[in-house]
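Notes to accompany the following structure.
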Amino acid sequence: MASVSSKHDAGAISWANEGSGSVSDGDFANFLNTARRSVFEVANILILLRKDGRIDSNRVNPLLKELEEESRMILAFRRTLKS
């Protein structure tokens, strides 16, 4: 069974390739929406792992703050595109 980390890495590579092939602002905006949803997915996985006691809060909380900032940056960038 693949680890959460390797699944996350594979997912990141997959959606990064999808976005690089976008030809219009609308396509790229959709890619950014998918990227933002992926950020939320990773955050939820971390929260579940913390709740289950598999990862300590001291490790999870800084990561959640980084993910929150990434989500804000993606959203701000998304707003600059014509859809």
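Under the working numbering, the first residue of the sequence shown is numbered 170, with each subsequent residue one higher. Note that beta-carbon positions come from the ideal geometry of N, C-alpha and C, so glycine has one too. Everything numeric in this text was worked out from a predicted model, so none of it was measured.
Note to self: Taking its Cβ as the centre, do 16 or more other Cβ atoms sit within 10 Å of V208, making it buried, or is it exposed?
What the structure shows: Position 39 of the sequence shown holds residue 208. The C-beta of V208 has 16 or more other C-beta atoms within 10 Å across all chains shown, which makes the residue buried.
Check: On the three-pair Cβ rule with 8 Å, is the stretch 235-249 touching the stretch 198-213?
Finding: The stretch 235-249 vs the stretch 198-213: in contact.
Next item on the list: Identify the continuous alpha helix (DSSP H) that holds I214 and give its terminal residues.
Entry: Residue mapping note: residue 214 aligns to position 45 of the sequence shown, counting from 1. According to the DSSP assignment, I214 belongs to the alpha helix (DSSP H) that extends over 194-220.
Next item on the list: Tell me, to the nearest whole angstrom, how far the beta carbon of F197 is from that of L250; I am working on the premise that it is less than 8 Å.
Entry: To locate residue 197, count along the sequence shown from 1; it is residue 28. To locate residue 250, count along the sequence shown from 1; it is residue 81. The beta-carbon distance between F197 and L250, rounded to whole angstroms, is 6 Å. This is short enough to meet the 8 Å contact definition.
Notebook entry, point to check: Going straight from the alpha carbon of N202 to that of D194, what length do you get?
Noted result: What you label residue 202 is simply residue 33 of the sequence shown in a count that begins at 1. What you label residue 194 is simply residue 25 of the sequence shown in a count that begins at 1. Cα to Cα, N202 sits roughly 12 Å from D194.
Checklist line | Where K251 falls: helix, strand or coil (DSSP) | finding: Here the question's residue 251 lines up with position 82 in the sequence shown. Looking at K251 - three-state DSSP - the assignment turns out to be coil, as it is neither helix nor strand.
Checklist line | Pairwise C-alpha distance: L244 and I224 | finding: Here residue 224 refers to the residue found at position 55 of the sequence shown. Here residue 244 refers to the residue found at position 75 of the sequence shown. Cα to Cα, the separation comes out at about 28 Å.
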